[in-house]
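Residue numbers (the UniProt record's numbering), protein chains in the order written: chain S, 1 to 356; chain B, 1 to 180.
Structure (structure tokens):
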């Protein structure tokens with residue numbers, strides 16, 4: 001009895017050993033591709049498609065087994081790497097990973113080119129190109145090469161300048177140092193303003209949504225195509241009123257915003273303003289005075305016609321005189337104009353103005 | 001909620017002022033609160049500001065009637081006064097017509113007023129002027145349009161129509177279902 005039990009125990013132990021070994025070794029048709037620098041293993045073996053179809057515990061088990069096998073292979077490879085103990089004898093075992101070979105794609109989208117600044121546009125227009133400047137300039141006074149700008153620049157420290165000449169046309173009482181400081185401040189402010197403006201322009205240009213194309217691209221969905229079709233229908237001389245529709249195409253619904261006569265003020269807009277507007281409207285309706293003053297309208301029309309006639313006559317007479325003739329004529333002309341138009345001509349009827 | 005449109009504008013106010021003349025500004029300019037006109041589905045309603053704000057929280061399709069209906073715009077955009085405005089407009093009426101007791105019932109059934117039923121009429125009523133029809137006991141009965149001016153009314157024969165019927169209080173019974 002004891003022998004049988006011992007044999008049974010030994011057999012069980014051996015089975016366990018085999019199990020362990022089996023779990024370490026993984027059989028694959030195709031070898032995996034490893035990028036140990038990225039801790040990446042790529043399995044190109046085709047998966048059993050039939051088993052993966054449809055959700056269920058069988059699929060889950062299969063996927064889990066696949067993951068376990070591939071991870072086992074990767075870890076085995078990692079264990080083969082040269083390793084050392086970090087931080088002395090008692091520290092953890094650290095493997096030295098090789099350089100990564102797999103190129104990871106961009107995490108964020110590529111930056112868009114910014115629109116050119118005002119100066120850049122001008123320079124492009126004029127064909128101005130950047131002149132290459134040396135970084136160091138010879139300073140005669142200090143007898144050495146100094147920077148063009150910045151700390152210890154070539155022209156000497158501007159804050160230590162002890163002499164400021166009064167320029168030729170300036171006020172002798174004016175403080176030149178103060179003027180220099182003020183102008184510097186203004187220059188800095190203007191530069192900053194322009195920089196911010198360029199930035200704002202770039203930002204605005206970036207956020208503007210590009211308009212969808214109106215021609216068929218092959219990548220448009222149904223709503224886009226419907227919109228494009230509507231635009232095409234309305235782009236006729238009669239604004240799409242006589243365009244035939246397909247048999248099942250629905251008629252155009254009235255637009256939400258209304259046409260010109262169907263637009264209204266907001267519901268709860270300024271109520272006091274609304275009240276005053278209505279009272280004014282009522283006052284105008286109630287008063288007997290007509291809105292259009294006939295006499296004034298007629299006179300205005302007559303004056304316009306006479307001015308037109310005079311200009312036409314002058315044009316005919318002046319074609320041979322040239323510039324000098326026009327200059328001499330002007331003072332006389334303005335005098336005539338102011339004197340002659342005081343009295344509105346009451347006796348002419350409304351239709352009679354066309355004769356003049 | 002989707003906002004309704006604003007006031008009736010010139011057409012509506014003209015229609016109203018045809019009936020009561022300049023006194024309509026007393027409806028707009030009230031000392032006891034801000035009242036306004038609002039257009040809702042082709043009908044003009046008169047309501048206080050407080051009620052307007054409450055009505056604004058109701059969706060447009062579910063809203064039946066905010067305030068008092070004064071009239072409606074017909075399909076051809078003409079303004080037609082409704083009897084529900086009588087209580088508001090009657091006190092401010094400029095041109096009035098009094099109807100004899102005998103033809104009161106006829107008017108309340110929707111018929112026009114004949115010369116034989118005419119009791120009194122305001123002086124200097126123009127032709128086609130909007131008028132408010134009263135009974136002899138000074139009870140407002142409805143709205144009408146003067147078919148003849150006051151001078152003509154005196155000369156015309158007894159069976160001629162002098163006031164066209166527009167709206168009367170009998171509609172509360174006759175058109176109970178459709179009145180808003």
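Ideal Cβ positions, reconstructed from N, Cα and C, are used throughout, including at glycine. Since the model is a prediction, treat every value here as computed from it, not as a measurement.
- As a beta-bridge residue in DSSP terms, residue 164 of chain B pairs with B:145.
- With contacts defined by Cβ atoms closer than 7 angstroms, residue 146 of chain B and residue 131 of chain B form a contacting pair.
- DSSP, reduced to helix, strand and coil, places residue 112 of chain B outside both helices and strands of the structure shown, so it counts as coil.
- Note on geometry: alpha-carbon atoms of residue 251 of chain S and residue 40 of chain S lie some 59 angstroms from one another.
- Not a single C-beta of chain B is nearer than 7 angstroms to the C-beta of residue 220 of chain S.
- For a Cβ distance threshold of 8 angstroms, residue set 275, 279 of chain S lies close to residue 29 of chain B, ordered along the chain.
- The C-beta distance from residue 105 of chain S to residue 38 of chain S rounds to 12 angstroms, too long to meet the 8 angstroms contact threshold.
- The count of Cβ pairs closer than 8 angstroms, one atom from the region 56-66 of chain S and one from the region 8-23 of chain S, stays below three, leaving the stretches out of contact.
- Residue 98 of chain S is bridged by DSSP to nothing; it lacks a bridge partner.
- Counting the other CB atoms within 10 Å of its CB gives residue 293 of chain S a total below 16, which places it among the exposed residues.
- Residue-level contact by beta carbon fails for residue 178 of chain B and chain S, as no gap is shorter than 7 angstroms.
- Residue 292 of chain S is outside the set of residues whose beta carbon lies under 7 angstroms from a beta carbon in chain B.
- In summary, residue 82 of chain B is buried, with 16 or more beta-carbon neighbours lying within 10 Å of its beta-carbon over all protein chains present.
- Residues of chain B whose Cβ lies closer than 7 angstroms to the Cβ of residue 66 of chain S do not exist, since the nearest Cβ in that chain is about 55 angstroms away.
- Taking 7 angstroms as the cut-off, the beta carbon of residue 60 of chain B is found no closer than this to the beta carbon of residue 72 of chain B.
- Where residue 53 of chain B is concerned, there is no enclosing beta strand (DSSP E), although the alpha helix (DSSP H) around it starts and stops at 49-55.
- Put simply, the backbone Cα of residue 155 of chain S is about 46 angstroms away from that of residue 208 of chain S.
- Residue-level contact check: residue 196 of chain S does not touch chain B, since none of the beta carbons of chain B fall below 7 angstroms from its beta carbon.
- Put simply, the region 146-155 of chain S does not touch the region 234-247 of chain S. Fewer than three CB pairs are less than 8 angstroms apart.
- Taking 7 angstroms as the threshold, the shortest C-beta distance from residue 282 of chain S to chain B falls below it.
- Taking the Cα positions, residue 156 of chain B is about 15 angstroms away from residue 120 of chain B.
- In the structure shown, the three-state DSSP call for residue 149 of chain S is coil.
- Contact annotation: the region 133-143 of chain B touches the region 157-172 of chain B, with at least three C-beta pairs closer than 8 angstroms.
- Proximity of the region 50-65 of chain B to the region 94-106 of chain B falls short of the contact definition, fewer than three beta-carbon pairs being nearer than 8 angstroms.
- When DSSP reads this structure, residue 118 of chain B sits in a beta bridge with B:99.
- In the three-state reduction of the DSSP assignment, residue 177 of chain B falls in the coil class.
- For residue 193 of chain S, not one C-beta of chain B is nearer than 7 angstroms to its own C-beta.
- With 16 or more other Cβ atoms inside 10 Å of its own Cβ, residue 67 of chain B counts as buried.
- By the beta-carbon neighbour count (other beta carbons within 10 angstroms, threshold 16), residue 104 of chain B is buried.
- In the structure shown, residue 76 of chain S falls within a helical segment according to DSSP collapsed to helix, strand and coil.
- Close partners of residue 56 of chain B in chain S (Cβ separation under 7 angstroms): 267, 268.
- Interface residue (Cβ-Cβ distance to chain S less than 7 angstroms): residue 77 of chain B is not classified as such.
- Interface flag for residue 123 of chain B against chain S is unset, since no Cβ pair is found closer than 7 angstroms.
- Residue range 130-135 is occupied by the beta strand (DSSP E) that includes residue 131 of chain B, with no alpha helix (DSSP H) assigned at that position.
- Interface flag for residue 49 of chain B against chain S is set, since a Cβ pair is found closer than 7 angstroms.
- Scanning chain S for C-beta atoms nearer than 8 angstroms to the C-beta of residue 53 of chain B yields 268, reported in chain order.
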